[in-house]
Amino acid sequence: MSEKITINPITRLEGHGKIEIFLDDQGEVKDAFWQVVELRGFERFCIGRPAEEMTRIVPNICGVCPSAHHMAATKALDALYGVEPTPTARLIRQLEYNAFYIEDHYIHFFFLAAPDFVVGPDADPSERNILGVIGKVGKEVGLKVIEVRKRNREIIKLIFGKAPHPEGGLPGGVPRGITSEERKWIKETADYSVEFAQFALQLFKDVVLRNKKYLDMVLSEAYQLKTYYMALVDEDKKVNFYDGKVRVIDPDGNEYALFDPRDYIEFIGEWVEPWTYIKLTYLRKIGWKGLVEGDGTSLYRVAPLARLNVAEGMATPIAQKEYEEMFDTLGGKPVHNTLAMHWARLICALQAAEHNQLIASDPLLTSKDIRNMDLKLRNVGVGCVEAPRGTLFHHYETDDRGILTKVNLVVATQHNAAPICLSVKKAAQGLIKGPKVKEGLLNRVEMAFRAYDPCLSCATHSLPGQMPLTLTIRDKSGAIIRTLKRP
Amino acid sequence: MKVLVLGMGNPILSDDGVGLFVTRALEGRIKGVDVVTCTLSGLSLLDVIVGYDKVFLADALILEGRSIGELRKLQDGEGTLHLFSSHGTDFFQLLQFGRELGLRMPEVGGVYGIEIGDHLSFSEELSLEMKEKTKSIIDRIVEDIKSNLILNGTFQSSLNMNTEP
Numbered sequence: 003m004s005e006k007i008t009i010n011p012i013t014r015l016e017g018h019g020k021i022e023i024f025l026d027d028q029g030e031v032k033d034a035f036w037q038v039v040e041l042r043g044f045e046r047f048c049i050g051r052p053a054e055e056m057t058r059i060v061p062n063i064c065g066v067c068p069s070a071h072h073m074a075a076t077k078a079l080d081a082l083y084g085v086e087p088t089p090t091a092r093l094i095r096q097l098e099y100n101a102f103y104i105e106d107h108y109i110h111f112f113f114l115a116a117p118d119f120v121v122g123p124d125a126d127p128s129e130r131n132i133l134g135v136i137g138k139v140g141k142e143v144g145l146k147v148i149e150v151r152k153r154n155r156e157i158i159k160l161i162f163g164k165a166p167h168p169e170g171g172l173p174g175g176v177p178r179g180i181t182s183e184e185r186k187w188i189k190e191t192a193d194y195s196v197e198f199a200q201f202a203l204q205l206f207k208d209v210v211l212r213n214k215k216y217l218d219m220v221l222s223e224a225y226q227l228k229t230y231y232m233a234l235v236d237e238d239k240k241v242n243f244y245d246g247k248v249r250v251i252d253p254d255g256n257e258y259a260l261f262d263p264r265d266y267i268e269f270i271g272e273w274v275e276p277w278t279y280i281k282l283t284y285l286r287k288i289g290w291k292g293l294v295e296g297d298g299t300s301l302y303r304v305a306p307l308a309r310l311n312v313a314e315g316m317a318t319p320i321a322q323k324e325y326e327e328m329f330d331t332l333g334g335k336p337v338h339n340t341l342a343m344h345w346a347r348l349i350c351a352l353q354a355a356e357h358n359q360l361i362a363s364d365p366l367l368t369s370k371d372i373r374n375m376d377l378k379l380r381n382v383g384v385g386c387v388e389a390p391r392g393t394l395f396h397h398y399e400t401d402d403r404g405i406l407t408k409v410n411l412v413v414a415t416q417h418n419a420a421p422i423c424l425s426v427k428k429a430a431q432g433l434i435k436g437p438k439v440k441e442g443l444l445n446r447v448e449m450a451f452r453a454y455d456p457c458l459s460c461a462t463h464s465l466p467g468q469m470p471l472t473l474t475i476r477d478k479s480g481a482i483i484r485t486l487k488r489p
Numbered sequence: 048m049k050v051l052v053l054g055m056g057n058p059i060l061s062d063d064g065v066g067l068f069v070t071r072a073l074e075g076r077i078k079g080v081d082v083v084t085c086t087l088s089g090l091s092l093l094d095v096i097v098g099y100d101k102v103f104l105a106d107a108l109i110l111e112g113r114s115i116g117e118l119r120k121l122q123d124g125e126g127t128l129h130l131f132s133s134h135g136t137d138f139f140q141l142l143q144f145g146r147e148l149g150l151r152m153p154e155v156g157g158v159y160g161i162e163i164g165d166h167l168s169f170s171e172e173l174s175l176e177m178k179e180k181t182k183s184i185i186d187r188i189v190e191d192i193k194s195n196l197i198l199n200g201t202f203q204s205s206l207n208m209n210t211e212p
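Chains as they are written, first to last, in the numbering used here: chain A, 3 to 489; chain B, 48 to 212.
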């Protein structure tokens, strides 16, 4: 008879999720699933509203990535109204978006990831948190984290009114420009952020890479998953958070696809499984192959590691050096080690800070040409950004009055949902031997999940009344071995 | 003493945002306190609360066997929907984190949980059932905050100031 272990709730993550691990008669892990149990119904709520309302509404989808949704919505409005933002507006948007990246990535690293590495994966859960981290590395580090976050939030507030829930994204532009006085402190913030980024990377190297036990864990089979990868790249195929084409590489690192975000439906399929509310995504042209990795899979991953795997380099010089060091250390591209996501995240934060240094020095930044008003309603608009957790698509359609008739969001956690299940299963299979499982081992299983930094709140935008009511577990032959009723 | 009344919740998830609605209605009803609403949780709350001496919170709550609109003042260690659904840290850990770093963090004067039931849906309106109860909820929270501040001496000066000619 199989035995079930439940980790619920998944600590240190927004929203509510549940991991279930099934053991066989021998106590070996037979299967593992990540369930999301949160109700959403966002698209239906939006239909019938003027499209311009989306930039006000979408930051409320969740408390984790409001700026990403806000920017994707703003870009979807650009496309919907057939308008290109002015060069200055584009710079200001990127300035804000980089500031958001910096804030977001450090919250994840110091509050979610660092407890596992700095305090230790097997430490008492009451100590495995940010308080434990500053207990180990000192209050000065905590103060630096607060400072870098505070300074970058000032940029978000300056441009979009309030942080972290920005409002005011406009098709073709931004709501305000930047003055020469503001440029000075923006430059100082960017400089401080680059310095902090290098400090954070050094901390990661000292704590994780120089600890053989941790490095072995990063490199272990339990935390590997061979999938395709997807991310935005610029025209030189370098990492870009704000704009570009979507590039997909196969599990061996070869380019599989390079497409305009507006064509996402041709490449991304959505698959519904009865055991989760999230629509699982896969590469449509390959077809749904189920929860499998390696040759024959149609699953792909997004998020920081995917960005670095997909791109041919970073867009800024210091980040490029770190990128090269990461791939040299981990054995070349692509890297399939899920825990390397933390390293990649810090490199992305460094690029964001370096890019803001460049923006702060750009003469165009203080131009007053911040809005292109040449709007022509085209009834369909797709906006795409690299959210911190991966590629994010907003697809809006309207009638001739600009009233929304269709809204479709494909969020990072959807792209990663099926791989997360596989990562959890592999970690469980590699780590759990027998039914007597200590808390530290369960935490190590959670670490596989946590590396993705999934955003559960915005991932499950299913309509009310369409939620699955049961969880079904099948064996390899497809036979149902267990059905769980939703409470 | 700087006092903050903070309303929390999601403004597009109907009753989930009752803390926002109730707190907005407190504005002007208690002299000498700042009234703020926010849709934040976790570390993001730091900017809102740092520098205050005392904070009162109003937020949605889901408990089994309670009816919609039931008001409950929570005990130490208990939390409402948005105090624990945080990205990286919960509210009480955040207070401790701030104190560890030497920041001026408030003591918690009270956490008011308002039961919303387990059916959430997207809407910018409260449910009819909740709307009927908000006046009573607001009055009781105002009374409780005033009592707390008077009891602790912090509100006395404000009251006296308001009654002097």
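Don't be surprised by glycine CBs; every beta carbon is placed ideally from N, CA and C.
Around B/Pro153, no beta-carbon contact reaches into chain A at under 7 Å, the shortest distance being about 17 Å. Residue range Glu257 to Phe261 is occupied by the beta strand (DSSP E) that includes A/Ala259.
Bounds of the beta strand (DSSP E) holding A/Ile270 are Ile270 to Trp273.
Judged by DSSP secondary structure, A/Met73 falls within the alpha helix (DSSP H) whose first and last residues are Pro68 to Leu82. For A/Phe243, not one C-beta of chain B is nearer than 8 Å to its own C-beta. Interface annotation, A/His396: not in contact with chain B, CB-CB separation never under 8 Å.
Under the DSSP assignment, B/Val97 falls outside any beta strand (DSSP E); it carries neither an H nor an E label. Residue range Met343 to Ala362 is occupied by the alpha helix (DSSP H) that includes A/Asn358. Contact check for A/Leu366 against A/Thr90 passes: the beta carbons are separated by less than 8 Å. Neighbourhood of B/Ile115 in chain A, by CB distance below 9 Å: empty, with the nearest CB roughly 16 Å away. With distances taken between CA atoms, A/Gly289 lies nearest to A/Glu268 out of A/Asn62, A/Glu268 and A/Pro306. In the structure shown, B/Phe169 falls within a coil segment according to DSSP collapsed to helix, strand and coil. For A/His397, there is no enclosing alpha helix (DSSP H); the residue is part of the beta strand (DSSP E) that begins and ends at Gly392 to Thr400. A/Ser128 places its beta carbon 8 Å or farther from that of A/Gly432. Contact check for A/Gly334 and A/Lys228: beta-carbon distance about 14 Å, past the 8 Å limit, so the pair fails to qualify. By the neighbour-count criterion, in which a residue is buried when 16 or more other Cβ atoms sit within 10 angstroms of its Cβ, B/His166 is exposed. A/Trp36 is a Cβ neighbour of A/Phe451, given a cutoff of 8 Å. In the displayed model, A/Lys146 falls within a helix according to three-state DSSP.
Taking C-beta atoms under 8 Å as the contact rule, A/Glu105 and A/Arg178 fail to qualify, at a distance of about 20 Å. For A/Gly134, no Cβ of chain B is located within less than 8 Å of the residue's own Cβ. At a cut-off of 8 Å between beta-carbon atoms, B/Leu142 makes no contact with chain A. Nearest C-alpha to B/His129 among B/Lys193, B/Lys178, B/Leu90 and B/Lys182: B/Leu90. Close to chain A, meaning a Cβ-Cβ distance shorter than 8 Å, is no residue of the stretch 70 to 82 of chain B at all.
In the DSSP assignment, A/Tyr244 is bridged to no other residue. Leaving aside the five residues that flank B/Glu176 on each side, the residues in its chain whose CB is nearer than 6 Å to its CB run, in chain order, Ile115.
Each of A/Val241, A/Val143, A/Asn131 and A/Met232 was checked against the Cα of A/Pro253, and the nearest Cα belongs to A/Met232. Within the same chain, Lys335 and Pro336 come within 6 Å of A/Gly255 by CB-CB distance, once the 5 residues on both sides are set aside. At least one C-beta of chain A is nearer than 8 Å to the C-beta of B/Ile59.
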